[in-house]
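The next block holds one structure in the form of structure tokens; read it before the comments.
2 protein chains.
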Amino acid sequence: MGKEPEDTIASRISRELADRIVRGELAPGARLRQDHIAEEFQTSHVPVREAFRRLEAQGLAISEPRRGVRVASFDLAEVREVAEMRAALEVLALRHAARHLTPAILDAAEEATREGDAAADVRAWEEANRRFHRLILTPCGMSRLLASIDDLHAASARFLFSAWQSGWEKRTDHDHRAILLALRQGRTEEACGILEKHVQWIGRAPQGVKSGAPREAFAIVG
Amino acid sequence: MGKEPEDTIASRISRELADRIVRGELAPGARLRQDHIAEEFQTSHVPVREAFRRLEAQGLAISEPRRGVRVASFDLAEVREVAEMRAALEVLALRHAARHLTPAILDAAEEATREGDAAADVRAWEEANRRFHRLILTPCGMSRLLASIDDLHAASARFLFSAWQSGWEKRTDHDHRAILLALRQGRTEEACGILEKHVQWIGRAPQGVKSGAPREAFAIVG
DNA sequence: GGAATCAAAATTATCTATAATTTGAAAAGG
DNA sequence: CCTTTTCAAATTATAGATAATTTTGATTCC
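Protein sequence lines correspond, in order, to chains P and H. Note that our numbering has the first sequence beginning at 49, numbered continuously upward. Note that our numbering has the second sequence beginning at 49, numbered continuously upward.
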């Protein structure tokens, strides 16, 4: 204990910046200035530039050749795009994971659902939701597929936070329970069907907050 | 004319290395040494490291924290994984692209198919095949989805080249023609169904070449 | 003869410095 | 008063240099 080895500085910066972008601390369009970030992380800008390439590949940042890097912006069309990609890929993953799902895994997923229902804020709900999806999909054992899904989850979470950053209402996740029930009874295709619709359910934010521009306020909720 | 602006050195290096990996010039597991590559491209190693991050995100290279970067290796399981991901995502793209397909686009796609049938070697065939898929999918207008599909195509091409690097037999692509026919008649779902199976068709390489290890020799052919 | 050890060489990861480009604002001109 | 031009400050992109880690290869020991 004491000091975490933290494999490489670039990866640490990339993770931290990704978190900030997803949480909305860094607004869409905001410039990411390498020298400032380098100073904050007590490094030079070389690792920072490497982190930028990672964020670019994740779709969280956009780099214009000699003009710097900005936080990627998004619109309703992209929210839908991400939702549909998730639907397609998560269904694929679940189809392969189904045969490897154990009662223990399904119990853990049920527990994650309970935690989501009891979540006090968006942040906690998102964490529980992501854990649910990870739990039932990871057993597919397809690393490339899982990595893609993770990136899409990050994008989803970004949209989610941007819509619900102020208000948040508790609710019970019936879809998750229906999916688990179907999986427990070995009805894989039915579970896939529910998952496919569940991920594409797009919610409308309660109301436009006092943020000046009446930005589109939609978000994936699955 | 004269000198290409070539946006950034890092992107040029990344493209060139990706090409070499896909073509099989750089074997799986081969080490990518930043100083050597920097010297070859007449630059320092900073842009080289940025290019590495890009290749890593594409799944073409693997970086181990203080041990350098290697060309990613792959096995039959990953070939299948990539094929299934392509099937899922290309079908999604085609579903959205269908309404925007014009006769002109379909004619161009038919021309690409003809060129593929007439191709003298794997390389030419792969180029024509990729053009076909791009032509009918691009009109979906979903940039994130198209970028993912492009990366998967690169992986597919890598497997393809690795299997057919020596022998290559001409053949007629009936699937492409059936897809175009269905699209021309407005039967989108049927076109999607054919595309889904087409992309997942996995061929067996003619014979293991004299390459020492009897590596698995399979490849996607679609 | 083969495994373990240790030092030299190669290589990675990072930092500091330099060149080139862009941005933004002030000044000049219509 | 608005547009265009000019110039300085800020920022990006790359180069060169340094520290630290891993490989490699020869040598010794069993």
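We put the CB at the ideal spot given by N, CA and C, even for glycine.
Per DSSP, the beta-bridge partners of Ser111 of chain P are P:Val117. Taking all protein chains in view, the Cβ of Pro113 of chain P is surrounded by fewer than 16 other Cβ atoms within 10 Å, so the residue is classified as exposed. About 19 Å separates the beta carbon of Val130 of chain H from that of Cys240 of chain H, a gap too long to meet the 8 Å contact definition.
Taking the Cα positions, Ala167 of chain H is about 7 Å away from Lys218 of chain H. With contacts defined as CB atoms closer than 9 Å, Ala205 of chain P and Gly107 of chain P fail to qualify as a contacting pair. Taking CB atoms only, Ala109 of chain P has no neighbour in chain H less than 9 Å away. In terms of beta-carbon proximity, Arg97 of chain H lines the interface with chain P, with at least one pair separated by less than 9 Å.
Closest in alpha carbon position to Leu208 of chain P, among P:Glu158, P:Ala135, P:Trp173, P:Thr186, is P:Trp173. Under the DSSP assignment, Phe100 of chain P falls in the alpha helix (DSSP H) whose first and last residues are 93-106.
Nearest CB-CB separation between Thr186 of chain H and chain P: not below the 9 Å threshold. If you check the CB distance, Leu149 of chain P and Ile184 of chain P come in under 9 Å.
Between Asp169 of chain P and Ala146 of chain H, the alpha-carbon positions lie close to 41 Å from each other.
In the DSSP assignment, Arg79 of chain H forms a beta bridge with H:Arg118. Just so you know, the alpha carbons of Asp123 of chain H and Glu98 of chain H end up roughly 27 Å apart. With a 10 Å radius around the Cβ and a threshold of 16 neighbouring Cβ atoms, Gly270 of chain P comes out buried. Taking Arg232 of chain H as the centre and dropping the five residues before and after it, the same chain places the C-beta of Leu154 closer than 7 Å to its C-beta, in chain order. Interface annotation for the region 237-248 of chain P against chain H: empty, criterion Cβ-Cβ distance under 7 Å. Between the alpha carbons of His246 of chain P and Ala136 of chain P lies a distance of about 12 Å.
Neighbours of Ser210 of chain P in chain H, taken as residues at a C-beta separation under 9 Å, are lacking, since the least C-beta distance is about 17 Å.
Residue burial annotation: Pro95 of chain H is buried, with at least 16 other C-beta atoms found within 10 angstroms of its C-beta. Taking 9 Å as the CB threshold, Val119 of chain H stays off the interface with chain P. Where Ala230 of chain H is concerned, the enclosing alpha helix (DSSP H) starts and stops at 222-232. Listed along the chain, the chain P residues whose CB falls inside 9 Å of the CB of Thr150 of chain H amount to none; the nearest CB is some 21 Å away. The beta carbon of Ala156 of chain H sits closer than 7 Å to the beta carbons of Leu183 from its chain, once the five residues preceding and following it are set aside; these are given in chain order. The closest CA to that of Ala176 of chain P, considering only P:His224, P:Leu142, P:Ala195, is found on P:His224. By the beta-carbon neighbour count (other beta carbons within 10 angstroms, threshold 16), Asp83 of chain H is exposed. A Cβ of chain P is located within less than 9 Å of the beta carbon of Val139 of chain H. Around Ser92 of chain P, the same chain offers Ala86 as residues with beta carbons nearer than 6 Å, after the five sequence neighbours per side are excluded.
According to the DSSP assignment, Phe180 of chain P belongs to the alpha helix (DSSP H) that extends over 170-185. Per DSSP, reduced to three states, the secondary structure at Gly189 of chain H is coil, with no helix or strand assignment. The CB of Leu193 of chain P comes closer than 7 Å to the CB of Glu129, Met133 in chain H, given here in chain order. Counting the other Cβ atoms within 10 Å of the Cβ of Ala58 of chain H gives 16 or more, which makes it buried.
In the DSSP assignment, Gly241 of chain H is bridged to no other residue. Proximity of Ala136 of chain H to chain P, defined by a Cβ-Cβ separation below 9 Å, is satisfied.
According to the DSSP assignment, Ala267 of chain H belongs to the beta strand (DSSP E) that extends over 266-268. Here Ala160 of chain P is not near Arg143 of chain P, since their CB atoms are 9 Å or more apart.
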